[in-house]
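In this note's numbering, the protein residues as written are 173 to 641.
For every residue, glycine included, the Cβ atom is placed at its ideal position computed from N, Cα and C.
Given the structure is predicted, the values throughout are model-derived calculations rather than measurements.
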Amino acid sequence: MSFLILTFVYLISGAVPVGLAQDYTSPRGPLSEINSIQQLIQLADDNRDLTTLEKVLHALPEPLRSSPVFIYRSESLQSASPEFPRVLLSDPSGNLVLAFNGESKQTGFDKLEALEFDEKKNRFNFYEMKFSSAGKLEVSKPNPSECLSCHRFSDPRPNWESYDQWPGVYGSNDDRLRSEEVEPFKNFLNLFELNPRYSALRIEPLKQVLGYSSHYGRLPNEPNISFTHRLSRNNFKRLARLIMESPDYEKFKYMIGGFLSSGEGERFSDIGYLPEKISGLTDYYSKENIQEVEAIAISYANSVSNPATLTFRSLFESRGIDTSDWFMNFKGALTNSFVNGTPWEDQLLEALLEKDSELRSFLYEGSNTQLQEAKLKEVSHDKLVRSSFDLHLRKFDSDLEVPQRIWRDACRQCHERGAARGVPQFDFNSAMNKPKLKELIESGAMPMNQRLTPSQKKRFVLSLSKLKD
Ligand code: HEC
Ligand code: HEC
173 MSFLILTFVY
183 LISGAVPVGL
193 AQDYTSPRGP
203 LSEINSIQQL
213 IQLADDNRDL
223 TTLEKVLHAL
233 PEPLRSSPVF
243 IYRSESLQSA
253 SPEFPRVLLS
263 DPSGNLVLAF
273 NGESKQTGFD
283 KLEALEFDEK
293 KNRFNFYEMK
303 FSSAGKLEVS
313 KPNPSECLSC
323 HRFSDPRPNW
333 ESYDQWPGVY
343 GSNDDRLRSE
353 EVEPFKNFLN
363 LFELNPRYSA
373 LRIEPLKQVL
383 GYSSHYGRLP
393 NEPNISFTHR
403 LSRNNFKRLA
413 RLIMESPDYE
423 KFKYMIGGFL
433 SSGEGERFSD
443 IGYLPEKISG
453 LTDYYSKENI
463 QEVEAIAISY
473 ANSVSNPATL
483 TFRSLFESRG
493 IDTSDWFMNF
503 KGALTNSFVN
513 GTPWEDQLLE
523 ALLEKDSELR
533 SFLYEGSNTQ
543 LQEAKLKEVS
553 HDKLVRSSFD
563 LHLRKFDSDL
573 EVPQRIWRDA
583 CRQCHERGAA
593 RGVPQFDFNS
603 AMNKPKLKEL
613 IESGAMPMNQ
623 RLTPSQKKRF
633 VLSLSKLKD
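So this is what it looks like as structure tokens:
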């Protein structure tokens, strides 16, 4: 039976590889583009013959079908392998992302996962979809709880690592295949057309790889870099909202704007935005904390070091505002970074200026991201120095909330996600009482390659011994 369906779909896709999407239109408008869940539901509603996930994939508009990212090792609810990778598709705005895998024995095979970015609210929403046995597309309510342990509870966001390393993704090294990825990727491409799902995808440019005897350049069209841009563009909009919602934004926004505009992150405290009274704002992470993070980034072969990210986070963390959910990194921990291949300061500032017209009035004429710094400093000083208010600045090395935050960033996605997949389930308090915890952390051999910095380990172990007292 399943063989018949397979052959059938293969025939369709083989016979009309191009232009199939045009066969599916909606009375409510052309579907040359789909960038929302609503449009996807409409596609299935208006074309009753679309009764399986395979058929829907073949009916998607060109832009979605020609943007695949292939994941051969995944920590998600859909398993993946080198022969049957999990696929992520995205539309050019990054507002719709779809995920599925390729072999009926894999977990999550019957599901189509999706995220949608809500441009009005600047929020990501997650959906789980599948076809009923009667061939009807069933869509979950937004943000079912089983998605949120990994995509973060209160304000969900994608899980995606920063430019330029994406472990487990074909082209994991800056869109270059690692040597151990070359043969499996070629094998996968060779069998591509035989799979009823993969054959829906447009991968002509990628097929060039088959002709290479060795492959050192980036993959055609740089799929991982492009996907990273699509996701992070929207995450910066979400982040601009989070920053505007943060406490005392009206007082601190001139300084925040100054930071992003100056491009002087690493030496921000020296350039006049932080008079002595509040210079501690950039010192939440010590030089040592920052060096440790850089060492981890380098050990991942990530050439991009980003102390400016930690200096920027300091502006918030030192006031008790947790920034860990601002990032898309799944692995969590301090190594989170905004780095997405372009200057993140400019992109974040643009997103902020789009929403804050007062801050926008500081722009130099004709510029998108250059603020008039002298004017900005003046106002910032008025707000932060001349007005009186209490600041109790924190530091990472003594902040009492740090262990819980490490748990939230770097542990909870596996240990508190509800659906056990061989991972023991427990919460922060039980973890603190596990005899094995201290040993795991001190040895540095955390399961599944979790990396903590030496300072993070110290903080964890310190609160353990406090608990025992
Ligand atoms: C166990 C952790 C986990 C859970 C639970 C989880 N995801 Fe994910 N998700 C991931 C990881 C990790 C990625 C990154 C890509 C990959 O490795 O497959 C991801 C990626 C995605 C993506 C691609 C965009 C992105 O974030 O990179 C979508 C869409 C997605 N998940 C939807 C969902 C939906 C819908 C649910 C709930 C039904 C869900 N996820 C539950 C771990 C999880
Ligand atoms: C990617 C998934 C993953 C993440 C993230 C993760 N763990 Fe684990 N953890 C596991 C798995 C799998 C095991 C069980 C395997 C084993 O015992 O070797 C485990 C075991 C443990 C145990 C031993 C449990 C027992 O009953 O003895 C402790 C304690 C623990 N983890 C703490 C943590 C802490 C603290 C963090 C965050 C710094 C963390 N884990 C992050 C997957 C994870």
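Closest by C-alpha distance to residue i, when choosing among the options
i           : options               : result
residue 582 : 332, 502, 555 and 550 : 502
residue 458 : 388, 484, 445 and 433 : 484
residue 306 : 240, 291, 221 and 360 : 221
residue 267 : 284, 290 and 416      : 290
residue 241 : 602, 295, 332 and 215 : 332
residue 243 : 580, 273 and 288      : 273
residue 367 : 423, 225, 551 and 336 : 225
residue 578 : 623, 595 and 556      : 623
residue 518 : 530, 228, 481 and 546 : 481
residue 327 : 413, 207 and 534      : 413
residue 611 : 599, 636, 601 and 572 : 636
residue 465 : 455, 479 and 454      : 479
residue 415 : 206, 487, 301 and 436 : 487
residue 324 : 580, 344 and 598      : 580
residue 354 : 365, 363, 382 and 364 : 382
Range covered by the beta strand (DSSP E) that runs through residue i
i           : result
residue 271 : 268–272
residue 310 : 309–311
C-alpha distance - residue i paired with residue j, whole-angstrom precision
i           : j           : result
residue 500 : residue 265 : 17 Å
residue 569 : residue 634 : 11 Å
residue 641 : residue 606 : With a pLDDT of 48 at residue 641, under the threshold of 50, the modelled position of that residue is not reliable, and the figure given next carries that caveat. So the alpha carbons of these two residues sit roughly 15 Å apart.
residue 512 : residue 408 : 11 Å
residue 403 : residue 510 : 12 Å
residue 378 : residue 235 : 15 Å
residue 411 : residue 385 : 43 Å
residue 448 : residue 442 : 10 Å
residue 388 : residue 497 : 35 Å
residue 493 : residue 565 : 11 Å
residue 524 : residue 317 : 30 Å
residue 584 : residue 297 : 20 Å
residue 463 : residue 432 : 22 Å
residue 282 : residue 250 : 9 Å
residue 255 : residue 314 : 31 Å
residue 376 : residue 394 : 13 Å
residue 434 : residue 558 : 23 Å
residue 370 : residue 329 : 26 Å
residue 421 : residue 276 : 50 Å
residue 547 : residue 373 : 52 Å
residue 263 : residue 555 : 42 Å
residue 246 : residue 418 : 33 Å
residue 586 : residue 337 : 21 Å
residue 542 : residue 218 : 48 Å
residue 347 : residue 399 : 11 Å
residue 361 : residue 334 : 26 Å
Delimiting residues of the alpha helix (DSSP H) encompassing residue i
i           : result
residue 357 : 351–363
residue 487 : 479–489
residue 576 : 574–582
residue 609 : 607–615
residue 602 : 600–604
residue 321 : 317–323
Beta-bridge pairing of residue i - partner residues as DSSP gives them
i           : result
residue 288 : 268 and 297
residue 303 : 309
residue 341 : 243
residue 390 : 348
Which runs of the alpha helix (DSSP H) fall wholly inside the region 407–468 and span at least 4 residues, in chain order? 421–434
Within the region 215–280, ranges of the beta strand (DSSP E) (whole runs, at least 3 residues): 241–243, 258–262 and 268–272
Going residue by residue through the region 522–554, where are the continuous alpha helix (DSSP H) segments of at least 4 residues, counting only ones entirely within it? Fully enclosed alpha helix (DSSP H) runs of 4 or longer: 529–532 and 545–553.
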